[in-house]
Amino acid sequence: MDKSSYTRFSLWILLLPFVLWLLLLILLPHVDMVSISLRERVSARNYTFSFKNYTEFFIEPLYWRTFVRTAWMSVLATLITLLIAFPVSYYIAKMMRGRLKALLFILCLIPFWVSELVRTYGWMILLRETGLLSTFLQWIGLSDQPVEMLYNDVAIMIGLVYTSMLFMVVPLVTTLDSLDDSLIEAGYDLGGSNWNVLTEIIIPHAMPGIVSGCIVVFMLSLGNYLTPILLGGKDSLWFTEQIFTQFITRFNWEQGSAFGILLLILSSLIVWAGLKLSRQSFTNVMS
Amino acid sequence: MPENSNVTFDLECRQVTKSFGDFTAVDQVSFQIPTGSFFSILGPSGCGKTTLLRMLAGFQHPDKGEILIKGKSVLGTPPNRRPVNMVFQHLALFPTMSVTGNIAYGLKRRNVKREEIRTRVADVLKRVDLPDAGDKRIDQLSGGQKQRIAIARCLVLKPDVLLLDEPLGALDLKLREQMKVELKLLQETFGTTFIYITHDQSEALVMSDQVAVMNQGRFEQVGTPQELYYHPETSFVAGFVGDSNRWEGHIDAIEGERIQIKTVEGESFVGRSIVKHQLKKGDSVEVYVRPESVNIENPKNRSDLPNQCRGEVISVLFDGARSQFLIRLPQTEGEISVAMPQTGEHAQLRKGDSINIAWAADQCLCFRRSSGNHDG
Amino acid sequence: MRRSFKKLFIAMLAVALVAVVSPVEAETLRLLTWGGYAPKEVIEQFEKETGIEVKMTKSNNEDMISKLKATGGSGFDLAQPSQDRITSAQADFDIYKPIDLSKIDASQIIPSMLAATKKNTSLDGKVYGVPHVWGTSGLVVNRKMAGQIKDYVDLCGPGLTGKVTYRLKRPTLIGFAFSMGEDPFAAYSDKAKYEMILDKVEKKLIDCKPNVKAYWSGGDAMLNLMRSGEAVAAMAWDAGGWKLNKDMADITFVAPKSGALGWIDTFALPRKTKAEEAAYKWINFVMRPEIAGKITSSAGNFTAAKGGDQYVADKLKAQFQESFPPADVDNIKWYPPVPPGLEEIEGKVLDRVKAAQ
Numbered sequence: 002m003d004k005s006s007y008t009r010f011s012l013w014i015l016l017l018p019f020v021l022w023l024l025l026l027i028l029l030p031h032v033d034m035v036s037i038s039l040r041e042r043v044s045a046r047n048y049t050f051s052f053k054n055y056t057e058f059f060i061e062p063l064y065w066r067t068f069v070r071t072a073w074m075s076v077l078a079t080l081i082t083l084l085i086a087f088p089v090s091y092y093i094a095k096m097m098r099g100r101l102k103a104l105l106f107i108l109c110l111i112p113f114w115v116s117e118l119v120r121t122y123g124w125m126i127l128l129r130e131t132g133l134l135s136t137f138l139q140w141i142g143l144s145d146q147p148v149e150m151l152y153n154d155v156a157i158m159i160g161l162v163y164t165s166m167l168f169m170v171v172p173l174v175t176t177l178d179s180l181d182d183s184l185i186e187a188g189y190d191l192g193g194s195n196w197n198v199l200t201e202i203i204i205p206h207a208m209p210g211i212v213s214g215c216i217v218v219f220m221l222s223l224g225n226y227l228t229p230i231l232l233g234g235k236d237s238l239w240f241t242e243q244i245f246t247q248f249i250t251r252f253n254w255e256q257g258s259a260f261g262i263l264l265l266i267l268s269s270l271i272v273w274a275g276l277k278l279s280r281q282s283f284t285n286v287m288s
Numbered sequence: 081m082p083e084n085s086n087v088t089f090d091l092e093c094r095q096v097t098k099s100f101g102d103f104t105a106v107d108q109v110s111f112q113i114p115t116g117s118f119f120s121i122l123g124p125s126g127c128g129k130t131t132l133l134r135m136l137a138g139f140q141h142p143d144k145g146e147i148l149i150k151g152k153s154v155l156g157t158p159p160n161r162r163p164v165n166m167v168f169q170h171l172a173l174f175p176t177m178s179v180t181g182n183i184a185y186g187l188k189r190r191n192v193k194r195e196e197i198r199t200r201v202a203d204v205l206k207r208v209d210l211p212d213a214g215d216k217r218i219d220q221l222s223g224g225q226k227q228r229i230a231i232a233r234c235l236v237l238k239p240d241v242l243l244l245d246e247p248l249g250a251l252d253l254k255l256r257e258q259m260k261v262e263l264k265l266l267q268e269t270f271g272t273t274f275i276y277i278t279h280d281q282s283e284a285l286v287m288s289d290q291v292a293v294m295n296q297g298r299f300e301q302v303g304t305p306q307e308l309y310y311h312p313e314t315s316f317v318a319g320f321v322g323d324s325n326r327w328e329g330h331i332d333a334i335e336g337e338r339i340q341i342k343t344v345e346g347e348s349f350v351g352r353s354i355v356k357h358q359l360k361k362g363d364s365v366e367v368y369v370r371p372e373s374v375n376i377e378n379p380k381n382r383s384d385l386p387n388q389c390r391g392e393v394i395s396v397l398f399d400g401a402r403s404q405f406l407i408r409l410p411q412t413e414g415e416i417s418v419a420m421p422q423t424g425e426h427a428q429l430r431k432g433d434s435i436n437i438a439w440a441a442d443q444c445l446c447f448r449r450s451s452g453n454h455d456g
Numbered sequence: 127m128r129r130s131f132k133k134l135f136i137a138m139l140a141v142a143l144v145a146v147v148s149p150v151e152a153e154t155l156r157l158l159t160w161g162g163y164a165p166k167e168v169i170e171q172f173e174k175e176t177g178i179e180v181k182m183t184k185s186n187n188e189d190m191i192s193k194l195k196a197t198g199g200s201g202f203d204l205a206q207p208s209q210d211r212i213t214s215a216q217a218d219f220d221i222y223k224p225i226d227l228s229k230i231d232a233s234q235i236i237p238s239m240l241a242a243t244k245k246n247t248s249l250d251g252k253v254y255g256v257p258h259v260w261g262t263s264g265l266v267v268n269r270k271m272a273g274q275i276k277d278y279v280d281l282c283g284p285g286l287t288g289k290v291t292y293r294l295k296r297p298t299l300i301g302f303a304f305s306m307g308e309d310p311f312a313a314y315s316d317k318a319k320y321e322m323i324l325d326k327v328e329k330k331l332i333d334c335k336p337n338v339k340a341y342w343s344g345g346d347a348m349l350n351l352m353r354s355g356e357a358v359a360a361m362a363w364d365a366g367g368w369k370l371n372k373d374m375a376d377i378t379f380v381a382p383k384s385g386a387l388g389w390i391d392t393f394a395l396p397r398k399t400k401a402e403e404a405a406y407k408w409i410n411f412v413m414r415p416e417i418a419g420k421i422t423s424s425a426g427n428f429t430a431a432k433g434g435d436q437y438v439a440d441k442l443k444a445q446f447q448e449s450f451p452p453a454d455v456d457n458i459k460w461y462p463p464v465p466p467g468l469e470e471i472e473g474k475v476l477d478r479v480k481a482a483q
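From first to last, the protein sequence lines stand for chains B, D and W. Following the numbering used here, the numbering of the first sequence begins with 2 at its first residue and continues without gaps. Following the numbering used here, the numbering of the second sequence begins with 81 at its first residue and continues without gaps. Following the numbering used here, the numbering of the third sequence begins with 127 at its first residue and continues without gaps.
Take a look at the structure:
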């Protein structure tokens, strides 16, 4: 083996796990999904090529309404998460120093040491009619009968925001940390109000962090399954639940795959639109 | 108000004090700055100059004392409404905005009309000699250009006082030299009062009309650069401003302004005392002699200066205009730096040569010995 | 260079394959079943007797079909789908293997049930299932708070806003259809008729929505809602009702007027079973009356084992008799096999009910 082929060989070895991972776990299943989604069942064990599973999504209002609802709720959850996480992150990044800062950061992490299922059950214990919050409200006399706070969209929202918080706080703290204090002071020094400094200096600087946090939270919410199922009400439909139902309870892999592909395409489109709107580039945001 | 009152000071501080816990950062500092002057605060790091500047800008609030701008107290005024602006140490230009955006930022905050903003931005860019830089991003500017934009961003607001927090610190030596001159010229053309803090004496001396030397939260001396250099009032100023040879000793005798000093090493010098120090015989003193005030004697034509020594050249430190000889005094093994005359007169001296040196009593300054806070 | 790379690649592949394949040992029985159908005690006794290790995976009807569909019928050695769900899944996905009835000890099984299951699980002349556990689904009612509920449609009655719970699954559609006076089972063969019936049921279920507290999906969620009093009536399995009855006398299982829905869970062999002999041994073992009794105690439902009820606690028998007076036993509607295609129609109905505001 000469030297150049040797380096090429070692490069291959180094890349191999990544290439295999990409090929076997990402690419192949998706290719398979696309091919399954383009089948239509004619009779038992007899399939034919068709776009029916895709057209079904647009023809049957139930499906695309579910998707719109899921996307809309996810956008809302993302915005709420941002609104809550921003002050928290600003406080951690700019107001705290040293040990306290690390401690607060870890406090944000702690809920993620338990599984999502346990966290969601925690919320169920708190919010249900015979749960802690309802009992408390009755005890202090704010309500004379049990209050049901579970099984509605607000409960889903609480669950989604809670689940996503960390994924917003981390990129925000990182970008806000890198904002030089003197830029903020300069903002005030040149006559800016709190609002001016926030909108003209802090937010533009934090924009990559905001956008990357939003992308992650949006995708997580969109793809969340447990939270909407467990906390959601009798009217609540979630698109991932549709996919799950198609695959698992209807055995309709063809429809499920089509939904999966559509989710991938539509959510990518939404993220792309978000990037365009915020004038950020994907590479800039993810680096 | 300034027109019809007798106020001639742009900025006045009275007994301004600021402590952080047990540490007094600024200790009863009072000063006045006349309109349109270039005022520097010179001091070592940790002397409290940055705290003082931040109090002037409004980012910190004094524990005691009063700050007046054009005769009006600004203690109740938040930073964004004080008629002062600050050029930050690392300039703090907004990287998310263009040059124009940076300069227009303050004007927008004052609700200046769009048309006027455009003309004022163009005007100030012209005045800082960067007329075409408006559309550039901040990271496209060179160090010196950034400097000028940072100043333009403040001056476009026509502040009463411009505060500068060691803005030249990040530049390389050549550029720093050049910017010193430029800053001085800018100040003269705009006529705005500049308050400049630095730990670099050369910056302070070159640019300033007045310099305050600050140490441990207090002003040691306020004066023109010449006064500080030639007539330091405290041993700290003597040691901090310019180079000096320094000895410790005590007073042997006093005859009017002239005093006889015996150093710890055993040298005898004739020196001059600063009047306000009121030295007595037997007092411990510090003695300062500047390298450039020491004469290298011509063996054929000796002067009658009172302080005369013979020594051996142990090192020639060539640094162009700042070249020095390091000379050992044989009796005491002490060393003394002597400036190399620029005339080239003694350029032939080499290591090991013996020479006579001498200096006047006036050039040999005596201060009561302070309790060990010497710096530099 | 290329050669050595290829060798290395093959070697790595081989290592990976060995790592994946090796954990499968000959004498294990991988059981895909319902919670309670293979209690620990029974598994231990079987392992002691035969030396075959039993690995149990809890599942439900849809999950079983999905799992077996995904692997083409491998990964498990014995499954326990309900009898009505076998033939359509087999026709569509070919996931089961015919049962060799000569290896089953038929003398241990109640003949009428064996015959019924054989008939219902036959496809192209081959039998795919033998009966194991049977039970019904109907109503679980808190008699003190909602004594008026006698049939499925009563769940939609007045005064129950936010107080009832049921699943959004096919038994709900079937149950409501019966209680609305229709016969969905008879309409299985007539798609148009069936769709018409489901349309009516859909409207009813949408109208009924204000009464629904939540659509339960796991049995535990239903038990919790009933136990806490947050729900006063539910559509559920008999065993769940009796379980609650043990702790809270007011709550019990009620056979609906229009008839409880009867189901039989069977034994079926996945097409690529690796331990067929062990599977038959397990079937014959658990159909012994005393073992069947243990399973009844654990699952809360009776089995198709002859004489198995002798070994069942009197309490359960009493509960059964209370819920099922003799006339109601005759009125049980046994699920016939679901023809392919129906489930897709049902799925859309369920989706629309869920989405309706």
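Virtual Cβ for every residue (Gly too), placed ideally from N, Cα, C.
Whole-angstrom distance between residue j and residue i, CA atom to CA atom
i        : j        : result
W/Ile390 : W/Cys282 : 28 angstroms
W/Pro149 : B/Val89  : Any reading at W/Pro149 must be qualified, since the residue scores a pLDDT of 49, below 50, and its modelled position is unreliable; the value itself is stated next. Roughly 49 angstroms separates the two Cα atoms.
B/Leu199 : B/Gly275 : 21 angstroms
W/Ala439 : W/Leu370 : 16 angstroms
W/Ile212 : W/Glu179 : 26 angstroms
D/Phe299 : D/Leu173 : 31 angstroms
D/His426 : D/Gly319 : 27 angstroms
D/Ser110 : D/Cys93  : 5 angstroms
B/Val76  : B/Phe219 : 6 angstroms
D/Thr272 : D/Met166 : 13 angstroms
Reduced DSSP secondary structure (H/G/I, E/B, other) of residue i
i        : result
D/Thr343 : strand
D/Phe270 : helix
D/Gln443 : helix
W/Trp368 : helix
W/Gly172 : The sequence shown places Phe at residue 172 of chain W, rather than the Gly named in the question. In the structure shown, W/Phe172 sits in a helix (DSSP, three-state: H, G or I).
D/Phe398 : coil
W/Gln206 : coil
Segment limits, alpha helix (DSSP H) that includes residue i
i        : result
W/Thr429 : Where W/Thr429 is concerned, there is no enclosing alpha helix (DSSP H), given that its DSSP letter is neither H nor E.
W/Pro297 : 296–305
W/Ser324 : A small fix is needed here, since residue 324 of chain W is Leu in this sequence, not Ser. First-last of the alpha helix (DSSP H) with W/Leu324: 317–334.
W/Ile191 : 187–197
Nearest-angstrom beta carbon gap, residue j and residue i [assumed within contact, 8 angstroms]
i        : j        : result
W/Ile230 : W/Ile417 : In fact, because the Cβ distance is near 15 angstroms, the residues do not count as touching under 8 angstroms.
W/Pro165 : W/Ser424 : 4 angstroms
B/Gln247 : B/Gly233 : Rounded, the Cβ-Cβ distance is 18 angstroms, inconsistent with contact.
B/Ala86  : B/Met166 : 6 angstroms
Delimiting residues of the beta strand (DSSP E) encompassing residue i
i        : result
W/Thr183 : 179–184
D/Cys127 : First-last for D/Cys127: undefined, no H or E at that position.
W/Lys359 : Per the sequence shown, residue 359 of chain W should be read as Ala rather than Lys. Run containing W/Ala359: 359–363, per the beta strand (DSSP E) assignment.
B/Lys235 : That residue, B/Lys235, is in no beta strand (DSSP E); it is neither H nor E in DSSP.
Exercise. Where in the segment 151–189 of chain B do unbroken runs of the beta strand (DSSP E), each at least 3 residues long, occur, reported from the N-terminal end onward?
Worked result: Within the segment 151–189 of chain B, no complete beta strand (DSSP E) run reaches 3 residues.
For this session: Would you mind listing the beta strand (DSSP E) stretches within the segment 219–285 of chain W that are 3+ residues and don't spill past its ends, in chain order?
Result: As summarised for the segment 219–285 of chain W, the continuous beta strand (DSSP E) elements at least 3 residues long and confined to that stretch are 256–268, given in chain order.
For this session: Give, in chain order, every unbroken run of the alpha helix (DSSP H) that is at least 4 residues long and sits entirely within the segment 129–200 of chain D.
Result: Within the segment 129–200 of chain D, the complete alpha helix (DSSP H) runs of at least 4 residues are 129–137, 179–189.
For this session: Output the residue ranges of the alpha helix (DSSP H) runs that lie fully inside the segment 89–140 of chain B and measure 4 residues or longer, sorted by chain position.
Result: The segment 89–140 of chain B contains these whole alpha helix (DSSP H) runs: 99–110, 117–128, 133–140.
Exercise. Quick one: complete alpha helix (DSSP H) runs, 4+ long, within the segment 287–370 of chain D?
Worked result: Fully enclosed alpha helix (DSSP H) runs of 4 or longer: 305–310, 315–320.
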